[in-house]
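Remarks on the structure that follows.
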Amino acid sequence: MHRGDGGGIIKRSDNFLGIDIGGTNVRLGVVTPDSTLENAEIFSTKQIAGADAADRLLDVIYQYKKNLPYDVDAIAMGFPSTINRDRTVVLSTPNIEGFDNLDIIDQFEEKLQVPVLIEKDTCMLMHYDLDRHDISDGILIGYYIGTGLGNIILIDGKVIVGKDGVAGELGHIPILDRHDKCGCGLEGCSELYVAGLGLERLQRERFSETPIAKIFTVQGQTEEIRYFIESMAKIIVTEINILNPDYIILGGGVIGMTDFPYDLLIDYIHQFTRKPLPGDSLNIIRSDFSNPYNGVIGAGLFARKQLEGAGK
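So in our numbering, spot 253 of the sequence shown is number 316, and the numbers just go up one at a time.
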């Protein structure tokens, strides 16, 4: 329980609203005291993208919360974005129009009347995986490869955000002699070649007769696909060799595609990692792909953890 502004005792419900904002869809739902998901909903990101994006998102959340049959103790949102160090402003969202320089917290808390938390979407996905695998300490690196290359680093449960809040942008490491323009404004960013953006281009330019959903099933043994997986592994290994993590989590929509050559990716990761260590001690976990609401559940778990840590 915690005290309200008037000094009265407010009983906590231990329900948390999690929101996963993606480039295509926004998902939301309530994580209950037993960590199950209720009242799950989904809508197109186009519904809130563009001018007045923050206001439109706030209106959707307000109506959703108003219609719930119970209270929530906090709301946590995962953005595919860079976020400032204080975790109050969404700085840049290359793949969603209108989600740049959004000052979220004060406006949302005033209208919603509960604590509001924001983080990178990869942080929410990792919190789901941490809970599922009962991991609480050590150095962890998460790679969530979807449209872009999502990356998150945790050390003993704490997200490493960096001086300005934008650490872990592995998808924007420049690739030598590549000059394609990235949505972030730079050229040659790694996620253009080793994530969904690169896979879509490969399908368009080399395998146009194969639907993107079947590209690994039909073209998985081709030289082009093997090179795509090899390039993905090299980017992943770059960070592994720097941080020597206790755990490595591999997830995201691309890795979850039908017939994705996961064993080939693991082989390449082992091949390129420095020997004997950390190469001989890698602990690689494949993220669970069975539920598209993992990011929502992870956001709810994140909110619970943050409030418990703050003693609220």
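In this text, a Cβ means the ideal position worked out from N, Cα and C, and glycines have one as well. Source: prediction; values computed, not measured.
State the start and end residues of the unbroken alpha helix (DSSP H) segment that holds arginine 195.
184 to 196
Verify whether the separation of the beta carbon atoms of leucine 180 and alanine 137 is less than 8 Å.
yes
On the three-state DSSP scale, how would you describe phenylalanine 291?
helix
Local Cβ density within 10 Å of glutamate 101, reported as buried at 16 or more and exposed below that:
exposed
Buried or exposed: where does glutamate 254 fall if 16 or more other Cβ atoms within 10 Å of its Cβ makes it buried?
buried
Looking at C-alpha atoms only, which residue of Asn214, Pro324, Ile167, Gly259 is the closest neighbour of glutamine 378?
Lying outside 64 to 375, the shown extent of the chain, residue 378 is not represented and no answer is given.
Going by DSSP in three states, tyrosine 310 sits in which element: helix, strand or coil?
strand
Please determine if the stretch 222 to 242 and the stretch 332 to 344 are in contact, where contact requires at least 3 C-beta pairs separated by less than 8 Å.
no
Helix, strand or coil for alanine 117? Go by DSSP, reduced to three states.
helix
Measuring alpha carbon to alpha carbon, tell me which residue in Asp122, Glu250, Glu286 is nearest glutamate 173.
Asp122
Does the stretch 237 to 251 come close enough to the stretch 342 to 361 to have 3 or more Cβ pairs within less than 8 Å?
no
Pairs of beta-carbons, one from the stretch 134 to 149 and one from the stretch 84 to 104, closer than 8 Å: are there three or more?
yes
My guess is that glycine 314 and glycine 231 are in contact by the Cβ rule of under 8 Å, so how many angstroms apart are they, rounded?
About 15 Å; that fails the 8 Å criterion.
Hey, could you find the ends of the beta strand (DSSP E) alanine 362 is sitting in?
Where alanine 362 is concerned, there is no enclosing beta strand (DSSP E), although the alpha helix (DSSP H) it sits in stretches over 357 to 373.
Sort out for me which residues DSSP pairs methionine 140 with in a bridge.
Ile82, Ile181
Beta carbon of isoleucine 298 nearer than 8 Å to that of valine 257
yes
Along the chain, where does the alpha helix (DSSP H) containing arginine 267 start, and where does it finish?
259 to 269
Take isoleucine 124 and list the residues in its own chain whose beta-carbon comes closer than 6 Å to its own, dropping the five residues that flank it on each side.
none
On a CA-only basis, which of Val153, Phe171, Gln170, Pro157 is nearest asparagine 164? Give me that one, please.
Val153
Pop quiz: isoleucine 423 and proline 341 are said to be a contact at Cβ under 8 Å. What is the actual Cβ separation, rounded to whole angstroms?
Not covered by the structure: residue 423. The range shown for the chain is 64 to 375.
Where DSSP assigns a beta bridge to cysteine 252, which residues make up the other side?
Pro237
Helix, strand or coil at valine 300 according to DSSP, with G and I counted as helix
helix
Any heavy atom of the ligand ADP closer than 7 Å to the Cβ of isoleucine 105?
Although the ligand ADP was asked about, the structure shown includes no ligands whatsoever.
What three-state label does DSSP hand tyrosine 207 in the structure shown?
strand
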